[in-house]
Amino acid sequence: MAISASYQQDCCTLCIVGPFTIYAAVEAKARLLQELTQAQELEVDLSGVVEFDTAGIQLLLLLKREATRQGKPLRFNGHSKAVLAVIDLYNMAGVFGDPVLISSGGT
Numbered sequence: 003m004a005i006s007a008s009y010q011q012d013c014c015t016l017c018i019v020g021p022f023t024i025y026a027a028v029e030a031k032a033r034l035l036q037e038l039t040q041a042q043e044l045e046v047d048l049s050g051v052v053e054f055d056t057a058g059i060q061l062l063l064l065l066k067r068e069a070t071r072q073g074k075p076l077r078f079n080g081h082s083k084a085v086l087a088v089i090d091l092y093n094m095a096g097v098f099g100d101p102v103l104i105s106s107g108g109t
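For the sequence shown, our numbering begins at 3 and goes up steadily by one.
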């Protein structure tokens, strides 16, 4: 899994590419929380996630909780099919509060 960051003013956009699973959870947790701490606003692009599991959902929930605690806006977008499948399995779409759309690119 790779996480790249781009910055525009106070907003950091993170793009996650590859498997977002338990095998990458420790590394991903540290990076996501670090970027949240440094940015005033965070956006997470999930379009490049090819594999997603319960650990991935837990990390997104942790990030959402921490953003709320810090009073920072957080958005998830570009949900890949792998992410959508797990969100649907656990009926979690309403928890995140973001529009969940399948891209026309078939990811």
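Beta carbons are placed, not taken as given, at the ideal position from N, Cα and C, and that holds for glycine.
Computed from a prediction, not measured in an experiment: that's the story for all the values here.
| task | Can you grab the Cα-Cα spacing for the pair Leu34 / Asp90, in whole Å? | result | Looking up residue 34 in the sequence shown gives position 32. Looking up residue 90 in the sequence shown gives position 88. Roughly 23 Å separates the two Cα atoms.
| Buried versus exposed, by CB contacts within 10 Å (16 or more), Ser6 | Within the sequence shown, the letter at position 4 stands for residue 6. Per the 10 Å Cβ criterion, exposed.
| request: Kindly list the residues whose CB is nearer than 7 Å to the CB of Ser105, restricted to its own chain and excluding five residues on each side of it in sequence; keep chain order. | output: Walking along the sequence shown from the start, residue 105 turns up at place 103. Unreliable placement is indicated for Ser105, whose pLDDT of 46 sits below 50; no coordinate value is reported for it.
| message | For the alpha helix (DSSP H) containing Ala87, name the first residue and the last one. | response | Your numbering for residue 87 matches position 85 in the sequence shown. Element bounds for Ala87: Lys83 to Leu91.
| query | If you run the structure through DSSP and keep just helix, strand and coil, what is Gly80? | reply | Here residue 80 corresponds to residue number 78 of the sequence shown, with the count starting at 1. Secondary structure of Gly80 (DSSP, three-state): coil.
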